[in-house]
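K.L.:
Chains A and B are the protein sequences, given in the same order. As numbered in the numbering used here, the first sequence has no gaps in its residue numbers, which increase by one up to the final residue, 215. As numbered in the numbering used here, the second sequence has no gaps in its residue numbers, which increase by one up to the final residue, 212. Sharing a structure here in structure tokens format.
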Amino acid sequence: MLEKDLKDYSDEELILDFQINNNVKAFEILVQRYKNPLTNYVFRFLGDYESCIDVVQETMIRVFRNKNSYKSVAKFSTWVYTIAGNLAKTELQRRKRTAFSVERSKDDENIIEVPDNRYRPDKQLENSIKEKEIQDALLKISETYREMVILRDIQELTYEEISEISGLPVGTVKSRINRGRAQLQKLLRKVYRD
Amino acid sequence: MEKGFYENIDKSSIESLKKLTRINAPSSFESDLFQKIGSDKSNLNQKFWIKAFSSGFFLPAVGGLTVVLLFLLVMDFANNSFSNPFGDEFQQRFDIISKEISSLENNNFEKPEKVSHFSSKIIKREKAIEPAMAGFYDKTNLSTENKVRKAYRVSDTLYAYQNTGTNYKLVYLTIEQKIELERVKERVLGYVL
């Protein structure tokens, strides 16, 4: 299969080519296609660019290593989003544990200042206070709702795709998205008033 | 969920989410990724062992092994002298009883008197207590007559007899002992009743 042809292939065809022929070129094209959407998704979920890049790279490594775990019955996009989402949640849990240990050390009068690097690499966000406030509000809503809102309103996936990624019925997905939106709206009331 | 819940969502908030700046991966994303994949391949096994030992993954196993080794060191499995008293066959205490009989028979002691002339008296007494002893296992397999026939008088109250190499004792109480026994029995019964 020529490289020129590969670029015209669908995600599912590419992963199959990678599975069957161990064609790394097919994997490279998948990386090119998904690195930015996944970066955007994970960044909105974690709010930290450095961790986000680590998570997306780990997602791609998992795809590379576990290529045979992919079953052609599912869409490649939902599979890769599921991996990224799970890794992002794990990262969030790890961060919570770290935050807990920092909190405990405060009791010993050793206050550790944890630098907030969330926006450091992304100069565009610094220019927009409104965007920063939206991102902050997004991080304040519960993880379950946040994931759904990001997938729907930022990544613009369909309800069916989100249902496949989360493993939840479409009705539950819709309900969670709306609850998330409501929470977000409450938090952003001040921003919109201005 | 109340009616109008969905309608209360301000469309502008959804729109503002859609308009958020797209965050892209850095330009070095692919090169970093393939470098990681390459190093991961070569270090996969090595990493596992380093992780396993540095994170204390094997700590419980090492602890368990240490306990087992200590146990093996403390226990002397070469010593087979241990025997289950409930599982083993009854062992004759020759050191206690045989000596007595053998000494009687070997004339090291005063020649024991054969109790044949007491036979009728002893048989009578033995038969009197036989029903009460019926529940007990008699290792001798001898009839009362045979027991008495084989018995030696050791003292006024002790008669010894032997069957198939096993020694037994017949103990008869003196009048004083009987009186004392009756007294104790009465006291015990009086206390119980």
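Ideal Cβ placement from N, Cα and C applies to all residues, glycine included.
(1) At a CB-CB cut-off below 7 Å, which residues of chain A make contact with Ser35 of chain B?
(2) If we cut at 8 Å on Cβ distances, does Ser32 of chain B have a partner in chain A?
(3) Could you check where the alpha helix (DSSP H) with Arg167 of chain A kicks off and where it finishes?
(4) Is DSSP giving Pro45 of chain B helix, strand or coil here?
(5) Inspect the beta-carbon positions of Lys88 of chain A and Gln40 of chain A and report whether they are closer than 8 Å.
(6) Answer yes or no: does any C-beta atom of chain A fall closer than 8 Å to that of Thr40 of chain B?
(7) How is the alpha helix (DSSP H) around Gln176 of chain A delimited, first residue to last?
(8) Please check if any C-beta of chain A sits within less than 8 Å of the C-beta of Asp29 of chain B.
(9) Does the stretch 34 to 50 of chain B come close enough to the stretch 55 to 68 of chain A that 3 or more CB-CB pairs lie under 8 Å?
(10) So, is the C-beta of Phe76 of chain B closer than 8 Å to a C-beta in chain A?
(11) Please identify the residue among A:Ile186, A:Lys207, A:Ile175 and A:Val191 whose C-alpha is closest to the C-alpha of Ser35 of chain B.
(12) Does the CB of Gln40 of chain A have a neighbour CB from chain B at under 8 Å?
(13) With 8 Å as the threshold, decide whether the Cβ of Leu178 of chain A is near any Cβ in chain C.
(14) Is it buried or exposed for Ser98 of chain A, if we count other Cβ within 10 angstroms and need 16 for buried?
(15) With DSSP collapsed to three states, give me the class of Lys55 of chain B.
(16) Comparing alpha-carbon positions, which option in A:Cys73, A:Lys117 and A:Ser90 lies nearest Gly266 of chain A?
(17) Can you list the residues of chain B that Lys56 of chain A reaches, using a CB-CB cut of under 7 Å?
(18) On the three-pair Cβ rule with 8 Å, is the stretch 73 to 86 of chain A touching the stretch 52 to 61 of chain B?
(19) Report back the beta-carbon spacing between Lys96 of chain A and Glu33 of chain A to the nearest angstrom; my notes put them in contact at under 8 Å.
(20) Answer yes or no: do Ile183 of chain A and Arg173 of chain A have a C-beta to C-beta separation smaller than 8 Å?
(21) Mark Asn43 of chain A as exposed unless 16 or more other C-beta atoms lie within 10 angstroms of its C-beta, in which case mark it buried.
(22) For Gln196 of chain B, count neighbouring Cβ atoms within 10 angstroms of its own Cβ and tell me buried if that reaches 16, exposed if not.
(23) Helix, strand or coil for Asp29 of chain B per DSSP?
(24) With the cut-off set at 8 Å, would you say Val194 of chain A and Met169 of chain A are in Cβ contact?
(25) Count the other CB atoms, across all protein chains shown, that sit within 10 Å of the CB of Thr111 of chain A; report buried if there are 16 or more and exposed otherwise.
(26) Counting only the same chain and skipping the five closest in sequence on each side, list residues whose C-beta sits under 6 Å from that of Leu205 of chain A.
(27) Excluding five sequence neighbours on each side, which residues of the same chain lie with their C-beta closer than 6 Å to the C-beta of Leu51 of chain A?
(28) If I follow the unbroken alpha helix (DSSP H) through Phe64 of chain A, where does it start and stop?
(29) If you reduce the DSSP assignment to three classes, tell me which class Met94 of chain B lands in.
(30) Quick one: which chain B residues come within Cβ less than 8 Å of Gln78 of chain A?
(31) Whole angstroms are fine: how far does the CA of Phe90 of chain B sit from the CA of Glu79 of chain A?
(32) Exposed or buried, which one is Val93 of chain B when buried takes at least 16 other CB atoms within 10 Å?
(33) Would Ile186 of chain A count as contacting chain B if we go by Cβ distances under 8 Å?
(34) In the DSSP assignment, find the alpha helix (DSSP H) that holds Leu37 of chain A and state where it starts and stops.
P.N.:
Let me lay it out:
(1) Walking along the second sequence from the start, residue 35 of chain B turns up at place 16. Correct list: Ile155.
(2) As a first step, residue 32 of chain B must be located in the second sequence, where it is residue number 13. With 8 Å as the cut-off, Ser32 of chain B counts as an interface residue toward chain A.
(3) Sequence index remark: in the first sequence, residue 167 of chain A carries index 146 (1-based). Glu164 to Val170 is the span of the alpha helix (DSSP H), which, as asked, contains Arg167 of chain A.
(4) Looking up residue 45 of chain B in the second sequence gives position 26. Here Pro45 of chain B sits in coil by DSSP.
(5) Here residue 88 of chain A refers to the residue found at position 67 of the first sequence. Here residue 40 of chain A refers to the residue found at position 19 of the first sequence. Contact flag set, yes.
(6) Here residue 40 of chain B refers to the residue found at position 21 of the second sequence. With 8 Å as the cut-off, Thr40 of chain B counts as an interface residue toward chain A.
(7) Position 155 of the first sequence, counted from the start, is the residue given in the question as residue 176 of chain A. Careful: Gln176 of chain A lies outside any alpha helix (DSSP H) and carries neither H nor E.
(8) For this step, residue 29 of chain B is matched to residue 10 along the second sequence. True, the Cβ-Cβ gap to chain A drops below 8 Å.
(9) yes
(10) In the second sequence, counting from the first residue as 1, residue 76 of chain B sits at position 57. For Phe76 of chain B, the answer is no, since every Cβ of chain A falls outside 8 Å of its Cβ.
(11) Along the second sequence, read from residue 1 onward, the residue named residue 35 of chain B stands at position 16. Measuring from the Cα of Ser35 of chain B, the nearest candidate turns out to be A:Ile175.
(12) Residue numbering aside, residue 40 of chain A sits at position 19 when the first sequence is read from its first letter. No, because no Cβ of chain B sits closer than 8 Å to the Cβ of Gln40 of chain A.
(13) Note that chain C does not occur in the displayed structure, where the protein chains are A and B.
(14) In the first sequence, residue 98 of chain A corresponds to position 77, counting from 1. So Ser98 of chain A counts as buried.
(15) Counting from 1 along the second sequence, the entry for residue 55 of chain B is found at position 36. Residue state, collapsed to three classes: helix.
(16) Outside the displayed range of chain A (22 to 215) lies residue 266 of chain A, so it cannot be described from this structure.
(17) Against the first sequence, residue 56 of chain A aligns to sequence position 35. Here the neighbours are Ala44 and Phe48.
(18) yes
(19) Stepping through the first sequence from its first residue, residue 96 of chain A is reached at position 75. Stepping through the first sequence from its first residue, residue 33 of chain A is reached at position 12. With 8 Å as the limit, Lys96 of chain A and Glu33 of chain A qualify as a contact, their Cβ atoms being about 7 Å apart.
(20) Locating residue 183 of chain A in the first sequence gives position 162, counting from the first residue. Locating residue 173 of chain A in the first sequence gives position 152, counting from the first residue. Their beta carbons are under 8 Å apart, which means Ile183 of chain A touches Arg173 of chain A by this criterion.
(21) Counting from one through the first sequence, the residue named residue 43 of chain A turns up at place 22. When all chains shown are included, Asn43 of chain A counts as exposed.
(22) On the second sequence, position 177 is the one that residue 196 of chain B refers to. Gln196 of chain B should be labelled exposed.
(23) Start at 1 with the first residue of the second sequence, and residue 29 of chain B comes out as number 10. If DSSP states are grouped into helix, strand and coil, Asp29 of chain B belongs with coil.
(24) Residue mapping note: residue 194 of chain A aligns to position 173 of the first sequence, counting from 1. Residue mapping note: residue 169 of chain A aligns to position 148 of the first sequence, counting from 1. Contact: yes.
(25) In the first sequence, counting from the first residue as 1, residue 111 of chain A sits at position 90. Result: exposed.
(26) Along the first sequence, read from residue 1 onward, the residue named residue 205 of chain A stands at position 184. These residues qualify, in order along the chain: Ala158 and Ile162.
(27) Within the first sequence, the letter at position 30 stands for residue 51 of chain A. Excluding residues within five positions, the ones whose Cβ falls inside 6 Å are Leu35.
(28) Along the first sequence, read from residue 1 onward, the residue named residue 64 of chain A stands at position 43. Taken as a continuous stretch (DSSP letters only), the alpha helix (DSSP H) holding Phe64 of chain A covers Val45 to Leu67.
(29) For the purposes of this step, residue 94 of chain B is taken as the residue at position 75 of the second sequence. It is coil, neither helix nor strand.
(30) Indexing the first sequence from 1 puts residue 78 of chain A at position 57. Ordered by position in chain B, the residues that pass the 8 Å Cβ test against Gln78 of chain A are Phe48, Asp51, Leu52 and Lys55.
(31) As a first step, residue 79 of chain A is located in the first sequence; it is residue number 58 there, counting from the start. As a first step, residue 90 of chain B is located in the second sequence; it is residue number 71 there, counting from the start. One C-alpha to the other measures close to 46 Å.
(32) Taking the first residue of the second sequence as position 1, residue 93 of chain B is located at position 74. Classification for Val93 of chain B: exposed.
(33) Numbered from 1 along the first sequence, position 165 holds the residue referred to as residue 186 of chain A. Judged by the 8 Å Cβ criterion, Ile186 of chain A is not in contact with chain B.
(34) Counted from its first residue, the first sequence places residue 37 of chain A at position 16. Element bounds for Leu37 of chain A: Asp32 to Asn42.
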